[in-house]
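Below: the structure, in structure tokens.
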Amino acid sequence: LDTTSATSPTLKFFDGADDISLATVNYTTNTVDWLDSSVTITGLSTTATGTVLTLTDTAHTTTVNMVCGNNTALRFNELTANGSNYIGLKAPASLSADLTFTLPSTDGTSGQFLKTDGAGNLSFATAGLTGATSTATGTVLTLSDTQNVASVNVILDNQKELRFRETTANGTNYVGLKAPASLSADLTYTLPSADGTSGQVLQTNGSGVLSFAGVSASAGQVIQVKTATDDTARSTTSGTYVTASNTLSLSITPSSTSNKILLILSSMGTANTYGNYLTIFRNSTNLGSANGENAFFNLEGFGGVTNSAIGVHYLDSPATTSAITYEVRFKVGGSISMYLNYGNVRGSLTAMEIKG
């Protein structure tokens with residue numbers, strides 16, 4: 090009697106060399122459990138290490154469960170003539186309870202897959218869309234709000250559309266996506282993994298991978314335009330440059346230090362004496378000519394009132410990405426007033442950012 094287990098010793102036959110287990114004694118239930126002599130496993134052999142169990146071609150196991158312990162695998166070898174590779178099946182490293190999968194009783198058809206009923210019973214099924222319905226015409230597939238498609242590609246043949254409808258309360262309009270009428274090869278677009286920032290656009294890497302990026306322009310293209318207008322007559326008697334109530338002033342923020350700002354000024358000037366000048370400032374910097382009065386325009390009036398259209402075009406290089414202010418300033422050479430927008434003619438100052 091092998092009493093290794095205090096509560097369930099084993100009755101064995103010993104012939105002097107080996108022993109054979111005959112029964113176990115259960116002290117808890119006061120019973121003797123005889124080993125089933127009718128259980129047979131024919132054609133079995135083990136390797137020298139005792140870790141691999143090999144069945145011969147004709148062997149089979151009857152009336153018993155085959156147990157692969159300690160996360161070991163059940164292996165199916167390829168033909169011996171082709172090598173020794175195998176396909177193995179094994180349990181996960183950890184299980185919360187016993188789990189048995191029962192195979193289907195018959196084979197499925199081509200393209201079907203194995204599915205479970207949630208209780209371990211496997212069966213073959215055809216890939217499809219759960220909860221999908223079609224209209225009477227059979228041309229429109231409608232999914233309810235909670236349905237989703239997983240692990241399959243959705244194929245819309247013959248240039249059909251994928252449609253996203255507006256809220257039902259607002260109507261039946263939709264936004265649709267469809268393929269071109271002709272393609273030279275398959276093409277898949279992969280969406281970005283995160284949203285972009287305001288004003289960004291979708292760009293491709295040339296392989297169908299999309300990402301958000303800022304708007305890119307070629308050299309010489311206009312990136313942004315800012316304009317200020319004024320249709321009130323403004324005047325000054327100042328001998329230094331002033332802004333005349335901050336009229337024709339605008340702010341712009343360049344997107345690159347290499348970009349240019351094209352300034353366009355249009356107005357009407359009036360004076361009746363000489364030495365009247367007009368210029369444009371960038372912040373506190375006078376952009377006018379470095380000679381004389383540092384001006385863009387000189388309005389001279391001799392012996393009476395002189396009216397003149399004022400037009401200025403100037404390409405500035407601010408070399409900054411900070412906000413800058415452009416404004417029109419003017420001054421007189423004597424004590425008599427100079428006017429801008431005389432007669433309430435509309436004047437304007439426009440700033441265009443040009444890609445460098």
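To convert, count from 1 in the sequence shown and add 89; that's our numbering.
For glycine and all other residues, C-beta sits at the position ideal for the given N, C-alpha and C.
Just so you know, these numbers come straight off a predicted model, no measurement behind them.
Evaluate contact between the segment 368-380 and the segment 408-422, counting only Cβ atoms and requiring at least three cross-stretch pairs below 8 Å.
-> yes
Per-residue burial, Tyr175 [other beta carbons within 10 Å of its own, 16 or more giving buried] = As a first step, residue 175 is located in the sequence shown; it is residue number 86 there, counting from the start. Under this definition Tyr175 is an exposed residue.
Per DSSP, Lys444 forms a beta bridge with which residues?
-> In the sequence shown, residue 444 corresponds to position 355, counting from 1. Partner(s): none; Lys444 has no beta bridge.
Where does the unbroken beta strand (DSSP E) through Lys204 begin, and where does it stop?
-> To locate residue 204, count along the sequence shown from 1; it is residue 115. 202-205 is the span of the beta strand (DSSP E), which, as asked, contains Lys204.
Answer yes or no: the CB of Ser183 versus the heavy atoms of the ligand ADP, is any distance below 6 Å?
-> Absence of the ligand ADP is noted for the structure shown, with no ligands found whatsoever.
Alpha-carbon spacing of Val156 relative to Leu178, whole angstroms | Residue numbering aside, residue 156 sits at position 67 when the sequence shown is read from its first letter. Residue numbering aside, residue 178 sits at position 89 when the sequence shown is read from its first letter. Taking the straight line joining both Cα atoms gives about 12 Å.
For Ala186 and Asn159, the rounded distance between their alpha carbons | Mapped onto the sequence shown, residue 159 falls at position 70. Mapped onto the sequence shown, residue 186 falls at position 97. One C-alpha to the other measures close to 15 Å.
Between the beta-carbon of Ser74 and the beta-carbon of Ser437, is there less than 7 Å?
-> Past the boundaries of the shown model lies residue 74; the chain is included only from 90 to 445, so the question cannot be answered.
Range of the contiguous beta strand (DSSP E) that encloses Ala398 | For the purposes of this step, residue 398 is taken as the residue at position 309 of the sequence shown. Per DSSP, Ala398 belongs to the beta strand (DSSP E) from 395-405.
Apart from the five residues on each side of it in sequence, which residues of its chain come closer than 7 Å, Cβ to Cβ, to Ser426?
-> In the sequence shown, the residue the question calls residue 426 occupies position 337. The answer, listed in chain order, is Ser324, Thr325, Thr326.
Please list the segments of the beta strand (DSSP E) lying wholly inside the segment 275-337, counting only runs of 3 or more residues, in order along the chain.
-> 290-293, 299-302, 311-319, 323-325
Nearest-angstrom Cβ-Cβ length linking Gly422 and Thr362, presumed shorter than 8 Å = As a working mapping, residue 422 is identified with position 333 in the sequence shown. As a working mapping, residue 362 is identified with position 273 in the sequence shown. Yes, Gly422 and Thr362 are in contact; Cβ-Cβ is about 7 Å, under 8 Å.
Rounded distance between the beta-carbons of Lys349 and Gly445, thought under 8 Å = The residue labelled residue 445 in the question sits at position 356 within the sequence shown. The residue labelled residue 349 in the question sits at position 260 within the sequence shown. The Cβ separation is near 6 Å, so the contact holds.
Would you call Gly358 buried or exposed, if buried means 16 or more other Cβ atoms sit within 10 Å of its Cβ?
-> If you number the sequence shown from 1, residue 358 lands on position 269. Gly358 should be labelled buried.
Between Ala398 and Ile353, what straight-line distance do the alpha-carbon atoms span, to the nearest angstrom?
-> On the sequence shown, residue 398 is found 309 positions in, with the first residue counted as 1. On the sequence shown, residue 353 is found 264 positions in, with the first residue counted as 1. So the alpha carbons of these two residues sit roughly 13 Å apart.
What does Val121 pair with, by DSSP beta-bridge criteria?
-> Here residue 121 refers to the residue found at position 32 of the sequence shown. DSSP, once it has assigned bridges, lists Val114 as partnering Val121.
Please determine if the segment 374-389 and the segment 305-319 are in contact, where contact requires at least 3 C-beta pairs separated by less than 8 Å.
-> no
Helix or strand or just coil, what does DSSP make of Ala214?
-> Within the sequence shown, residue 214 is the residue found at index 125, counting from 1. The answer is strand: DSSP assigns Ala214 an E or B state.
Quick one: what does DSSP say Asn171 is sitting in, helix, strand or coil?
-> The sequence position of residue 171 within the sequence shown is 82, counting from 1. Looking at Asn171 - three-state DSSP - the assignment turns out to be helix.
For Val243, the first and last residue of its enclosing beta strand (DSSP E) = To locate residue 243, count along the sequence shown from 1; it is residue 154. Premise fails: Val243 is in no beta strand (DSSP E) and is neither H nor E.
Could you give the DSSP three-state label for Ala258: helix, strand or coil?
-> Locating residue 258 in the sequence shown gives position 169, counting from the first residue. If DSSP states are grouped into helix, strand and coil, Ala258 belongs with the helices.
My understanding is that Asp319 touches Asn430, with C-beta atoms under 8 Å, so please give their C-beta distance in whole angstroms.
-> Position 230 of the sequence shown, counting from 1, holds the residue named residue 319. Position 341 of the sequence shown, counting from 1, holds the residue named residue 430. The Cβ separation is near 6 Å, so the contact holds.
From the DSSP output, in three-state form, read off Tyr363 for me.
-> In the sequence shown, residue 363 corresponds to position 274, counting from 1. Three-state DSSP puts Tyr363 in coil, outside helix and strand.
Could you name the residues of the same chain whose beta carbon sits closer than 7 Å to that of Thr409, not counting the 5 residues immediately before and after it, in chain order?
-> Locating residue 409 in the sequence shown gives position 320, where the first residue counts as 1. For Thr409, where only same-chain residues beyond five positions count, the Cβ hits under 7 Å are Pro343, Thr346.
Check the C-beta distance from Arg252 over to Gly260 and give it rounded, since I have them as a contact under 8 Å.
-> Within the sequence shown, residue 252 is the residue found at index 163, counting from 1. Within the sequence shown, residue 260 is the residue found at index 171, counting from 1. In fact, because the Cβ distance is near 13 Å, the residues do not count as touching under 8 Å.
Arg459: first and last residue of the uninterrupted beta strand (DSSP E) it sits in | Because residue 459 is not part of the residues shown, which for the chain are 90 to 445, the question remains open.
Buried versus exposed call for Gly207 [16 or more other C-beta atoms within 10 Å across all chains shown] = Translated into positions along the sequence shown, residue 207 becomes position 118. Exposed, because fewer than 16 other Cβ atoms sit within 10 Å of the Cβ of Gly207.
Inter-residue spacing [alpha-carbon to alpha-carbon] between Leu168 and Ser199 | Taking the first residue of the sequence shown as 1, we reach residue 168 at position 79. Taking the first residue of the sequence shown as 1, we reach residue 199 at position 110. Each residue's alpha carbon lies about 24 Å from the other.
On the premise that Thr120 lies in contact with Ser97, defined as a C-beta separation below 8 Å, what is that separation, rounded to the nearest angstrom?
-> Residue mapping note: residue 97 aligns to position 8 of the sequence shown, counting from 1. Residue mapping note: residue 120 aligns to position 31 of the sequence shown, counting from 1. Not really, about 10 Å apart at Cβ, beyond 8 Å.
Among Ser287, Gln248, Leu280, Thr277, which has the Cα closest to the Cα of Ser271?
-> The sequence position of residue 271 within the sequence shown is 182, counting from 1. The shortest Cα separation from Ser271 among Ser287, Gln248, Leu280, Thr277 belongs to Gln248.
Under a three-way DSSP split, which group does Asp91 fall into?
-> The residue you call residue 91 lines up with position 2 of the sequence shown. Strand at Asp91.
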